[in-house]
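1 is the number of the first residue of the sequence shown in full-length UniProt numbering; add one for each residue after it.
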Amino acid sequence: MSDSMAFEPERPAPDSGAGPCTVLVTVTAPDGRPLADVGVEVRAIGMDTPWTVAMDLPRTTDLAGHYAWSGLPAGEYAFAVRVPGRRKSQPRRVRLEGGETRAVVFTVEG
Numbered sequence: 001m002s003d004s005m006a007f008e009p010e011r012p013a014p015d016s017g018a019g020p021c022t023v024l025v026t027v028t029a030p031d032g033r034p035l036a037d038v039g040v041e042v043r044a045i046g047m048d049t050p051w052t053v054a055m056d057l058p059r060t061t062d063l064a065g066h067y068a069w070s071g072l073p074a075g076e077y078a079f080a081v082r083v084p085g086r087r088k089s090q091p092r093r094v095r096l097e098g099g100e101t102r103a104v105v106f107t108v109e110g
């Protein structure tokens, strides 16, 4: 009698959508004009991650008033924008699930 164990290779888990997330930020004036060169900031809420410091560095919108912030892990974030020469906007909280893409729109005086 032999004691043998069959080896079964580990099967990959079903796709849980736990990949990185993207937030598409759009900044417009009240009349709908896109605002370029607006600073976009994001802060992780309740996460202690080594890349948090890099997230605090502002990015700026393009000529169409857009900035895509990709590679974010699932979690809760606060996004804010700053038009040059003006105060920073009130932050907008966004909760991201794995692999999700969300849009955040700011309407600010230009």
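In this text, a Cβ means the ideal position worked out from N, Cα and C, and glycines have one as well.
Checklist line | Buried or exposed (CB count within 10 angstroms, at least 16 for buried), L72 | finding: buried
Check: Would L35 be called buried (16 or more neighbouring beta carbons within 10 Å of its own) or exposed?
Finding: L35 sits buried, since 16 or more C-beta atoms from the chains shown fall within 10 Å of its C-beta.
Next item on the list: Reducing DSSP to helix, strand and coil, say where L24 ends up.
Entry: Strand.
Notebook entry, point to check: Are the Cβ atoms of V94 and F106 separated by less than 8 Å?
Noted result: no
Notebook entry, point to check: Nearest-angstrom Cα distance between T60 and V108?
Noted result: 15 Å
Checklist line | Range of the contiguous beta strand (DSSP E) that encloses E41 | finding: 39 to 45
Notebook entry, point to check: Between H66 and the rest of its own chain, which residues show a CB-CB distance below 6 Å, the 5 nearest in sequence each way excluded?
Noted result: T26
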